[in-house]
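Asker: Take this structure first; my questions come after.
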Amino acid sequence: MLNIIICGAPGCGKGTQSDLIVEKYMLKHLSTGDLLRAEIANQSELGIEAESYISKGNLVPDKMIFDILSKAIEEQTKNNKGIILDGFPRNVEQAEALETLMAKLNKETTLLVDLKVDNDELINRLLKRGETSGRSDDNLQTIKKRLEVYECKTAPVSDFYKIKNKYAAINGMGTIEEIFGRISTAIDTKTKK
Ligand code: AP5
Ligand code: MG
């Protein structure tokens, strides 16, 4: 059973590559960003609170994330269906909480795929998407803040999985197909061991 984490800076292609990974490896895509945006679209209490963090480029509180995610992870893994976690864990505390939950469920994280993309390319991709996305965080000021938060809070999650020997850095520059090829190779290599 495959349980993949896809990680990397804002705009690195987590969502784009998740769609391809889901299709090839038949996993359930769990994106915390998408779950939060669904709450915002519904104008739920949680969504309204989350939007106040997201529009400023900050992380939403950990508890809010666990509340919307842990049940979904539990349900999927209970049915022995693999998952791809997109946008989670986003700090070391979330990584620790994920591993505690997985241990409780008697499951394991297979691999963290870390997409590496140059900052200029990230900004270009997000500004382009911002022309049509309607996302309150796809503007230059918020993008810069998201990149800072990524460096400070999310990048250390890589070390957490490197130590566990469950880490693959992937060149995230190039065409979507090229990048997907690299990711597939990393997953297949890990699961053959
Ligand atoms: P989230 O939704 O996770 O956003 P993000 O990490 O900022 O990343 P994006 O979704 O913007 O980009 P992506 O990596 O998915 O790239 P994509 O495939 O779309 O989180 C949003 C916010 O929610 C956070 O800031 C935070 O506030 C909150 N949040 C979420 N999870 C949280 C958590 N766990 N804890 C606390 N807070 C949390 O690609 C980007 C663009 O580039 C697209 O237009 C795409 O078409 C294009 N593109 C993709 N690949 C290529 C390529 N190879 N070449 C050219 N263009 C490409
Ligand atoms: Mg995304």
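With the first letter of the sequence shown counted as 1, position 91 gets the number 391 in my numbering; the numbers rise by one all the way through. Think of the CB as a built atom: it goes at the ideal place given N, C-alpha and C, for glycine as much as any other residue. Values in this document were obtained by computation on a predicted structure and should not be read as measured data.
1) Within the present structure, is the beta-carbon of ILE373 separated from the nearest heavy atom of the ligand AP5 by less than 7 Å?
2) When you compare each of ASN465, ILE423, THR432 to ARG446 by their alpha carbons, which one comes out closest?
3) May I ask which residues mark the beginning and end of the beta strand (DSSP E) holding TYR353?
4) Whose CA, out of GLY481, VAL413, LEU440, lies closest to the CA of SER458?
5) Please find out if some non-hydrogen atom of the ligand AP5 comes closer than 7 Å to the beta-carbon of PHE388.
6) Report the residue from GLY474, GLU421, ASN358, PHE366 whose alpha carbon sits nearest the alpha carbon of CYS452.
7) Restricting to Cα atoms, I'd like to know which of MET301, ALA372, ALA469 is closest to LEU401.
8) With DSSP as the reference, label GLY382 as helix, strand or coil.
9) What are the start and end residues of the alpha helix (DSSP H) that includes ASP414?
10) How far does the alpha helix (DSSP H) with ASN419 in it extend, from its first residue to its last?
11) In whole angstroms, give me the CA-to-CA distance for ASN342 and GLY434.
12) What residue does the alpha helix (DSSP H) around SER318 start on, and which one ends it?
13) Of the residues VAL449, SER318, ASP334, which one's Cα is nearest the Cα of ILE368?
14) What residues are listed by DSSP as bridge partners for LYS328?
15) Which residues in the same chain as PRO310 place their Cβ atom closer than 7 Å to its Cβ, once the five residues preceding and following it in sequence are excluded?
16) Pairs of beta-carbons, one from the stretch 472 to 487 and one from the stretch 311 to 320, closer than 8 Å: are there three or more?
Answerer: Judging by the given coordinates:
1) Along the sequence shown, read from residue 1 onward, the residue named residue 373 stands at position 73. Outside the cutoff, so no.
2) Here the question's residue 446 lines up with position 146 in the sequence shown. For the residues ASN465, ILE423, THR432, the minimum Cα distance to ARG446 belongs to ILE423.
3) Residue 353 sits at position 53 when you count from the first residue of the sequence shown. Note, TYR353: premise wrong, no beta strand (DSSP E); alpha helix (DSSP H) at 345 to 354.
4) For this step, residue 458 is matched to residue 158 along the sequence shown. When each option's Cα is compared against that of SER458, the closest is VAL413.
5) Your numbering for residue 388 matches position 88 in the sequence shown. Yes, the beta carbon of PHE388 sits closer than 7 Å to at least one heavy atom of the ligand AP5.
6) Indexing the sequence shown from 1 puts residue 452 at position 152. Ranking GLY474, GLU421, ASN358, PHE366 by Cα distance to CYS452 puts ASN358 first.
7) Numbered from its first residue, the sequence shown carries residue 401 at position 101. Nearest option by C-alpha distance: ALA372.
8) As a position in the sequence shown, residue 382 is number 82, starting the count at 1. In this structure, DSSP gives GLY382 a state outside helix and strand, which the three-state scheme calls coil.
9) In the sequence shown, the residue the question calls residue 414 occupies position 114. Run containing ASP414: none in the alpha helix (DSSP H); it sits in the beta strand (DSSP E), 411 to 416.
10) On the sequence shown, residue 419 is found 119 positions in, with the first residue counted as 1. For ASN419, the uninterrupted alpha helix (DSSP H) run begins and ends at 419 to 433, by DSSP.
11) Here residue 342 is taken as the residue at index 42 of the sequence shown, counted from 1. Here residue 434 is taken as the residue at index 134 of the sequence shown, counted from 1. About 15 Å.
12) Mapped onto the sequence shown, residue 318 falls at position 18. Counting along the chain, the alpha helix (DSSP H) containing SER318 begins and ends at 314 to 325.
13) Within the sequence shown, residue 368 is the residue found at index 68, counting from 1. Minimum Cα distance to ILE368 is reached at ASP334.
14) Position 28 of the sequence shown, counted from the first residue, corresponds to residue 328. Per DSSP, the beta bridge partners of LYS328 are ILE383.
15) Taking the first residue of the sequence shown as position 1, residue 310 is located at position 10. Excluding residues up to 5 positions away in sequence, LEU422, LEU426, ILE443, ARG446, LEU447, TYR450 lie with their Cβ nearer than 7 Å to the Cβ of PRO310 in the same chain.
16) With the cut-off at 8 Å, the stretch 472 to 487 and the stretch 311 to 320 touch.
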